[in-house]
Structure formats: C-alpha cells, structure tokens
Amino acid sequence: MLSERELERYKRQILLFGNDGQERLKSSHIFIAGAGGLGSPVAIYLAVAGVGTITVVDMDTVEQSNLNRQILHYDRDIGKKKTVSAIAKLQEYNPDIIINAIDTTITADNIRRLVGQADGIVDAMDNYPVRYLLNRVALEMKVPFFHGAIRGFYGQATTIIPGKTPCLECIFPRAPPKEVFPVVGVTPGVIGTVQATEVIKYLTKQGELLVGRLFIWDGLAATSEEIAIEKNPVCPVCGSGTGTELPAGMMR
Amino acid sequence: MTVKLRFFARFRELLGTDIIVEPHDGTLLAALVAEVARKNTDGYAAIFDEQGTFREFVILMRNGKRVETAEAGTITVADGDEIAVFPPVAGG
Chain H
18 MLSERELERY
28 KRQILLFGND
38 GQERLKSSHI
48 FIAGAGGLGS
58 PVAIYLAVAG
68 VGTITVVDMD
78 TVEQSNLNRQ
88 ILHYDRDIGK
98 KKTVSAIAKL
108 QEYNPDIIIN
118 AIDTTITADN
128 IRRLVGQADG
138 IVDAMDNYPV
148 RYLLNRVALE
158 MKVPFFHGAI
168 RGFYGQATTI
178 IPGKTPCLEC
188 IFPRAPPKEV
198 FPVVGVTPGV
208 IGTVQATEVI
218 KYLTKQGELL
228 VGRLFIWDGL
238 AATSEEIAIE
248 KNPVCPVCGS
258 GTGTELPAGM
268 MR
Chain A
49 MTVKLRFFAR
59 FRELLGTDII
69 VEPHDGTLLA
79 ALVAEVARKN
89 TDGYAAIFDE
99 QGTFREFVIL
109 MRNGKRVETA
119 EAGTITVADG
129 DEIAVFPPVA
139 GG
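Chains as they are written, first to last, in my numbering: chain H, 18 to 269; chain A, 49 to 140.
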C-alpha cells in the first residue's frame with residue numbers, strides 16, 4: 018500500500034500509470050552495476066520514481082576527474098567510496114525507498130549473489146567483460162538487462178529480454194579495445210535517462226520497450242537513429258544448444 | 049549504381065557519414081568500405097588492422113541486416129544498398 022506521503026510524492030506520475038503502476042515500482046528491486054556516469058542518472062531517476070529497492074555496486078573511490086559526469090558525487094566526496102556517496106544522495110532524494118550500495122568488484126564468482134532476486138539489471142559499466150557477465154546472469158535469471166554505453170558525444174542503448182530479444186553477445190560478439198574514453202557529462206545523462214525510462218516502462222507495463230533495436234545517440238549532430246538487431250542463431254550465450262556457464266574468471 | 053555508406057560514432061568523426069559512392073558492378077563490400085576509409089589514415093586504421101582485415105569489434109550492416117565482417121570480402125554490393133559501419137562504444 019502506498020502511504021499518504023507516497024501518494025503525494027508520486028502524484029504527477031500516478032497520473033501516468035495509476036496507483037497500480039506506482040505499487041509495482043514500489044515492490045520492485047533493480048540492480049544497477051556501476052555508480053559512475055551512467056549509474057548516476059539511472060540511480061537518481063529510479064530513486065525519485067519510487068523503485069522500492071535499488072542495489073548499486075561499485076568498487077571505486079570518487080576522484081576529481083569523475084565530477085564532470087558522475088552527478089551522484091559532489092566535490093566534497095572526493096576520496097570517499099562511491100557507494101558511501103551514492104547511498105547518502107539517493108536516500109536524501111527519496112527516504113521512502115531501500116538503497117543497498119555494495120563496495121566490490123563484480124566477478125563471475127559473486128555476481129549471482131550480488132544480483133540476488135532483482136527484477137532487472139541495469140548496465141552502467143564501463144567495460145565489456147563485466148557487461149558480458151551481467152548479460153549471462155540476466156539470461157540465466159530471466160530478468161531484463163538494460164544496456165547502455167557511451168563515448169564522447171555518442172551513446173547507445175537497448176533493452177534485452179531473455180528468450181525474446183537478441184542478447185548482448187548477439188549484438189556485440191567482441192568488445193572494442195580498452196581506452197580512457199573521452200566523455201562530457203551530458204552524454205551519460207541522455208543514455209542513462211533512456212535506460213531509466215526503459216526500467217520504469219518495464220516495471221509499470223507502459224509503452225513499447227526498446228527491444229530488437231539499438232538506439233544510437235549522436236549528440237554532436239543532435240540526431241538519434243536505430244539499428245535493427247537480430248538474434249545470432251549460433252550465439253555462444255543464447256544460441257541453440259549452448260549453456261550459460263560463466264567463465265572461470267572475470268576476464269573473457 | 050549508387051551505394052550509401054554510413055559511419056557511426058568515432059568512425060563518423062574520422063570519415064564523415066552518409067557518403068554516396070558509385071561503385072562498379074561486382075565491387076565487394078569489404079573493398080568498398082576500405083576504399084572510402086582510405087581517405088583518412090586514422091579512419092582506415094580505426095576500422096582495419098595492418099593486414100587490411102576488419103578489426104574484430106567492427107559491426108557491419110547492409111540494409112539493416114548484420115553482415116559478418118569475415119564474409120564482407122565475398123559479398124558484392126548492389127544498387128541502392130545502404131551500408132552501416134559501426135563501432136560499439138564502451139564507456140559508462
């Protein structure tokens with residue numbers, strides 16, 4: 018049941034998806050992998066929307082060079098663990114929800130325990146090896162995986178529904194090379210809010226999800242495009258006759 | 049015949065986008081992309097390795113359908129084709 022205070026807090030969005038939708042948000046648990054550029058807007062918008070339980074995992078400490086984009090963290094947080102900074106801000110944004118912030122590295126060994134019984138996994142990582150792990154666990158647990166990634170003024174996003182859509186490895190079978198990527202904060206702002214929008218739509222059963230297509234944002238040209246994406250029938254992760262055994266280490 | 053090449057993200061920065069080319073009949077997809085990419089050394093190097101083969105993460109689409117880069121050397125382009133060349137981005 019929603020409290021009087023919650024009914025008032027969420028009044029303007031209850032106009033969109035009703036008390037039922039709001040109750041669904043309240044009873045949901047979303048796992049956010051990363052509290053950086055993408056994780057910040059995703060976590061903030063899911064918190065203020067009233068997603069009842071949010072788990073954020075990050076192993077890093079706030080650095081000055083993070084502050085151009087990682088809007089969960091303030092100048093005064095430099096040197097603090099991102100989890101400590103994140104939990105404080107999110108709880109201030111919305112004291113009526115539960116925030117779990119876990120300071121650890123996501124590995125093949127701990128990922129299932131970290132994700133637990135979450136209703137969805139948000140990709141706010143900055144590397145493909147961990148994205149591939151998240152993708153596999155989402156498939157195994159049959160929960161949606163909300164992918165997003167950015168570089169510079171460019172971003173991409175798609176929603177992966179196990180058994181229905183292509184998985185991350187169908188779309189990107191091989192990772193691009195590692196780099197210190199250039200980025201301006203507005204880009205994860207755009208892509209993170211696309212991901213958070215998808216989560217809210219999924220949980221409240223509204224609209225058409227970003228499935229079977231890759232959304233591509235070009236901030237420099239101010240254009241967005243879509244690329245149709247298809248399942249790879251011989252995908253090593255979700256193709257026919259394949260297992261979902263996780264690799265032994267985090268690196269593939 | 050006329051074929052449109054569309055580059056995305058970093059490839060677009062280096063090579064531009066929506067490039068209209070008029071290849072000869074029988075032009076292979078890989079050769080066409082290489083020819084256009086050669087106008088910029090960094091653009092070419094972003095897409096192809098030292099042996100001239102597609103870098104493994106490059107995504108190639110023809111008229112909205114994925115083409116394995118390994119097969120692009122055996123596929124000929126056709127009039128009206130739209131070829132997209134796309135690098136996944138990784139940051140978060």
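The beta-carbon is built from N, C-alpha and C at its ideal position, and this holds for glycine as well.
Compute the beta-carbon to beta-carbon distance between residue i and residue j, rounded to the nearest angstrom, for a pair I have assumed lies under 8 angstroms.
{"i": "ASP120(H)", "j": "ASP75(H)", "result": "7 angstroms"}
{"i": "ARG110(A)", "j": "GLU247(H)", "result": "Actually they are not in contact, since the Cβ atoms of ARG110(A) and GLU247(H) sit about 13 angstroms apart, beyond 8 angstroms."}
{"i": "ASP271(H)", "j": "LYS99(H)", "result": "Here chain H has residues from 18 to 269 only, and residue 271(H) is not among them."}
{"i": "ASN36(H)", "j": "LEU19(H)", "result": "6 angstroms"}
{"i": "GLY165(H)", "j": "ALA141(H)", "result": "7 angstroms"}
{"i": "ASN249(H)", "j": "CYS187(H)", "result": "4 angstroms"}
Counting C-beta neighbours from all protein chains within 10 Å, is the total for residue i 16 or more, i.e. buried, or is it exposed?
{"i": "PRO194(H)", "result": "exposed"}
{"i": "THR117(A)", "result": "buried"}
{"i": "ALA57(A)", "result": "buried"}
{"i": "SER44(H)", "result": "exposed"}
{"i": "SER115(H)", "result": "Note on residue identity: the sequence assigns Ile, not Ser, to residue 115(H). Label assigned to ILE115(H): exposed."}
{"i": "PRO253(H)", "result": "exposed"}
{"i": "THR221(H)", "result": "buried"}
{"i": "LEU150(H)", "result": "buried"}
{"i": "GLU109(H)", "result": "exposed"}
{"i": "GLU262(H)", "result": "Per-residue confidence for GLU262(H) stands at a pLDDT of 48, beneath the threshold of 50, marking its modelled position as unreliable; the derived number appears in the next sentence. Looking at its Cβ environment, which holds fewer than 16 other Cβ atoms inside 10 Å, GLU262(H) is exposed."}
{"i": "ALA245(H)", "result": "exposed"}
{"i": "SER82(H)", "result": "exposed"}
{"i": "PRO136(A)", "result": "buried"}
Please tell me whether residue i has its Cβ less than 8 angstroms away from any Cβ of chain A.
{"i": "ASN83(H)", "result": "no"}
{"i": "GLY51(H)", "result": "yes"}
{"i": "VAL101(H)", "result": "no"}
{"i": "GLU247(H)", "result": "yes"}
{"i": "GLY258(H)", "result": "For GLY258(H), the predicted model reports a pLDDT of 49, less than 50, meaning its position is unreliable; a value from the coordinates is still stated below. With 8 angstroms as the cut-off, GLY258(H) does not count as an interface residue toward chain A."}
{"i": "ARG191(H)", "result": "yes"}
{"i": "LEU55(H)", "result": "yes"}
{"i": "THR261(H)", "result": "Because THR261(H) sits at a pLDDT of 47, beneath the cut-off of 50, its placement in the model cannot be relied upon, and the following sentence gives the value as read from the coordinates. With 8 angstroms as the cut-off, THR261(H) does not count as an interface residue toward chain A."}
{"i": "GLY137(H)", "result": "no"}
{"i": "GLN173(H)", "result": "yes"}
{"i": "PHE198(H)", "result": "yes"}
{"i": "LEU32(H)", "result": "no"}
Run down chain A in chain order and give the residues with a C-beta less than 7 angstroms from the C-beta of residue i.
{"i": "ASN144(H)", "result": "ALA138"}
{"i": "ALA125(H)", "result": "Neighbours of ALA125(H) on chain A: none; closest Cβ ~19 angstroms, over 7 angstroms."}
{"i": "ILE233(H)", "result": "PHE56"}
Could one say the Cβ of residue i lies closer than 8 angstroms to chain H's Cβ atoms, at least one of them?
{"i": "GLY121(A)", "result": "no"}
{"i": "GLY112(A)", "result": "yes"}
{"i": "GLU98(A)", "result": "no"}
{"i": "ALA132(A)", "result": "yes"}
{"i": "PHE55(A)", "result": "no"}
{"i": "GLU83(A)", "result": "no"}
Kindly list, in the order they appear in chain H, the residues whose Cβ is closer than 8 angstroms to that of residue i.
{"i": "GLU70(A)", "result": "Ordered by position in chain H, no residue passes the 8 angstroms Cβ test against GLU70(A), which lies about 24 angstroms from the chain."}
Residue i touches chain H at which residues, Cβ-Cβ below 7 angstroms?
{"i": "PHE59(A)", "result": "Simply none; closest approach about 10 angstroms."}
{"i": "PHE105(A)", "result": "ARG191, ALA192, PRO193"}
{"i": "MET109(A)", "result": "ILE244"}
So which residues on chain A does residue i lean against when the C-beta distance must stay under 9 angstroms?
{"i": "ALA166(H)", "result": "PRO136, VAL137, ALA138, GLY139, GLY140"}
Strictly below 8 angstroms CB to CB, what residues from chain A border residue i?
{"i": "ALA141(H)", "result": "GLY140"}
| query | Any chance the region 90-105 of chain H sits against the region 43-57 of chain H, with 3 or more Cβ pairs inside 8 angstroms? | reply | Contact between the region 90-105 of chain H and the region 43-57 of chain H is present, with at least three C-beta pairs closer than 8 angstroms.
- Query: Just checking, does the region 214-234 of chain H make contact with the region 175-193 of chain H on the three C-beta pairs under 8 angstroms criterion?
  - Reply: Three or more Cβ pairs closer than 8 angstroms define a contact, and the region 214-234 of chain H meets that threshold against the region 175-193 of chain H.
Would you check if there are 3 or more beta carbon pairs closer than 8 angstroms linking the region 132-143 of chain H to the region 157-171 of chain H? At 8 angstroms Cβ cutoff, the stretches touch.
Under 8 angstroms, with one C-beta from each stretch per pair, do the region 28-44 of chain H and the region 74-94 of chain H reach the 3-pair mark? no
Flag this pair as touching only if the region 185-205 of chain H and the region 95-110 of chain A have three or more C-beta atom pairs under 8 angstroms; answer yes or no. A contact exists between the region 185-205 of chain H and the region 95-110 of chain A.
With three or more C-beta pairs closer than 8 angstroms as the rule, is the region 61-75 of chain A touching the region 122-131 of chain A?
yes
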